[in-house]
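Here the structure comes first, spelled out in structure tokens, and everything after it is commentary.
Chains as they are written, first to last, in the numbering used here: chain A, 1239 to 1320; chain B, 9 to 402.
This is the structure:
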């Protein structure tokens, strides 16, 4: 599965707000994700990709696309996931 | 850093209150009889406190407190482990164990302290605590301080909880922490399902019943009665300062747990014991609940249904919680505070919740009518709510 599709799916299934989620969605402003909700998303990402996300990286996540970029550039998660 | 520099760095942003011309927090009020307050001598309906059954001003509760002061003094002036474990505290703990149907209970100076220090006593690195996204700050801060892995689950979503449980099998011990009644919007946890899931995954359930005890369940005995759970194996906590009209908190469950906490929970060991008058007020309240819940509980639910209808007729959107808590969905923080101001100016004291107490753009104005409003007051409230509704639409 494409990494973008997988991240979108993970975000969608770990937020309270129902509705459209895109790569450009702002976690706080558009998806109403609070700091505790961010932990929920990060936990799901860690479980799905088998990584541990650093605290400083969590703070830099504003848009859904930031998670994708972080995974590919810093954590070297490849484009195609099982 | 010099103290003066430190103090200069401590800034509180009150711009919202300044813009609204109203600060709803730390309002100076005089409390008189049940359900009535005074601010600058103007009477207010109290729909802000958690006095669900109207027991805070009950003469029997007040008399019990006065008698306890005369008998035991104003304070134990000591920690329960060393100098303050008097008979009235043991009586209170036995009473809580009886009303909840649990083996044993231990009293704390506050429920915040109980929740906050519980996890540091029983959990740590290598453990996981799966906790409802909207759980109270006292639980979340306590879990974080314990060093256990924090795993939030979507609010009251048992499918999401089960996924977290399935993904947590590698942890040494797993706890699931939630509240019975979520007090900002009045939802009630599906605790029968949560408790079953804990059984299936060998996890320990931790339930904070602060807004449930004295409120839900056929006899007002709280979440375990409401969910039809007997022989509860988990950990129960509650505030004694809401429907029970006292102060303090409690942790209850197996004797093995409470006995351990008495010697290993710093929030209990190093804190002055709950004052005797508080224990007495809760004991008196529990006796009234046991004798009169059928009448008082009905009044509370009838009043709540009336208030909800009044608010809906006035054009307000309410959260769909099942508990006797009316939650007006306000949106932005500014609108929430302005609506609180409008209620206040019309003689109704309410509780506005804005971030971080609620998610961004999900401000809530909470109104708890309880059993303390009589028919004449209910009619007066209806008139005022209708007027507020008209004014809010302008």
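C-beta: ideal position from N, C-alpha, C; glycine also. Please read these numbers as outputs of a predicted model, since none were measured by experiment.
Looking at the unbroken beta strand (DSSP E) that takes in residue 160 of chain B, where does it start and where does it end? 157-161
In whole angstroms, give me the CA-to-CA distance for residue 261 of chain B and residue 351 of chain B. 41 angstroms
Using C-beta distances below 7 angstroms, list every residue in its chain close to residue 1304 of chain A, excluding the 5 sequence neighbours before and after it, in chain order. 1298
Residue 332 of chain B and residue 297 of chain B look like a contact to me (Cβ under 8 angstroms); what is the Cβ gap, rounded to whole Å? Not a contact, Cβ separation roughly 15 angstroms.
Going by Cα to Cα distance, which pick from B/210, B/187 and B/165 is closest to residue 181 of chain B? B/210
Give the single residue among B/71, B/389, B/337 and B/363 whose Cα lies nearest to the Cα of residue 357 of chain B. B/389
Of all Cβ atoms in chain B, is any one closer than 8 angstroms to the Cβ of residue 1258 of chain A? no
Chain-ordered chain B contacts of residue 1274 of chain A [CB-CB under 8 angstroms]: 141, 148 and 160
Indicate the three-state DSSP secondary structure (helix, strand or coil) for residue 115 of chain B in the structure shown. strand
Per-residue contacts from residue 1270 of chain A into chain B (C-beta, under 8 angstroms): 367, 368, 369 and 370
Quick check: residue 250 of chain B and residue 34 of chain B, are their CB atoms within less than 8 angstroms of each other? no
Is residue 283 of chain B close to the ligand ATP? I mean its beta-carbon at under 7 angstroms from any heavy atom of the ligand. Of ligands this structure carries none, so the ligand ATP is not represented either.
Write down the C-beta distance between residue 223 of chain B and residue 189 of chain B rounded to the nearest angstrom, noting that I regard them as a contact closer than 8 angstroms. 7 angstroms
Quick check on the DSSP output: the alpha helix (DSSP H) that includes residue 337 of chain B runs from which residue to which? Not the alpha helix (DSSP H): residue 337 of chain B falls in the beta strand (DSSP E), residues 334-339.
Test item: CB-CB of residue 291 of chain B and residue 132 of chain B under 8 angstroms: no
Pull out every residue of the stretch 1284-1303 of chain A whose Cβ sits closer than 8 angstroms to any Cβ of chain B, in chain order. 1285
Label residue 90 of chain B either buried or exposed according to how many other C-beta atoms from any shown protein chain fall within 10 Å of its C-beta, with 16 as the threshold for buried. exposed
Please report the Cβ distance between residue 288 of chain B and residue 255 of chain B, rounded to the nearest whole angstrom; I am assuming they are in contact, meaning their Cβ atoms lie under 8 angstroms. Between residue 255 of chain B and residue 288 of chain B the Cβ distance is about 11 angstroms, and since that is not below 8 angstroms, they are no contact.
Pair every Cβ in the stretch 76-96 of chain B with every Cβ in the stretch 219-239 of chain B, then say whether three or more of these pairs are closer than 8 angstroms. no
Among B/382, B/369 and B/362, which one has its Cα closest to the Cα of residue 1265 of chain A? B/369
Tell me which residue opens and which closes the beta strand (DSSP E) that residue 244 of chain B is part of. 243-247
Closer than 8 angstroms by beta-carbon distance: list the chain A residues that pair up with residue 175 of chain B, in chain order. 1285
Would the beta-carbon of residue 97 of chain B fall within 8 angstroms of that of residue 400 of chain B? no
In DSSP terms, what residue 129 of chain B is bridged to: Note: residue 129 of chain B sits in no beta bridge, so no partner.
Is the beta carbon of residue 232 of chain B sitting closer than 8 angstroms to the one on residue 108 of chain B? yes
Return helix, strand or coil for residue 186 of chain B, following the three-state DSSP convention. strand
Candidates B/129, B/141, B/343 and B/272: closest to residue 1253 of chain A by CA position: B/141
State the Cα-Cα distance for the pair residue 1320 of chain A and residue 1291 of chain A, rounded to the nearest angstrom. A caution first: residue 1320 of chain A carries a pLDDT of 47, below 50, which makes its placement in the model unreliable, though a value can still be read off. Roughly 20 angstroms separates the two Cα atoms.
Proximal residues to residue 166 of chain B (C-beta, below 8 angstroms), its chain only, five neighbours per side dropped: 198, 201, 202 and 205
Specify the secondary structure class of residue 1320 of chain A as computed by DSSP and reduced to three states. The predicted position of residue 1320 of chain A is uncertain, since its pLDDT is 47 and thus under 50; no value can be drawn from it.
Is residue 88 of chain B close to chain A? Criterion is C-beta to C-beta, closer than 8 angstroms. no
Against chain B, does residue 1266 of chain A count as a neighbour if the rule is that its beta carbon must be under 8 angstroms from one of theirs? yes
Thinking C-alpha only, which one of B/121, B/392 and B/340 is nearest residue 371 of chain B? B/340
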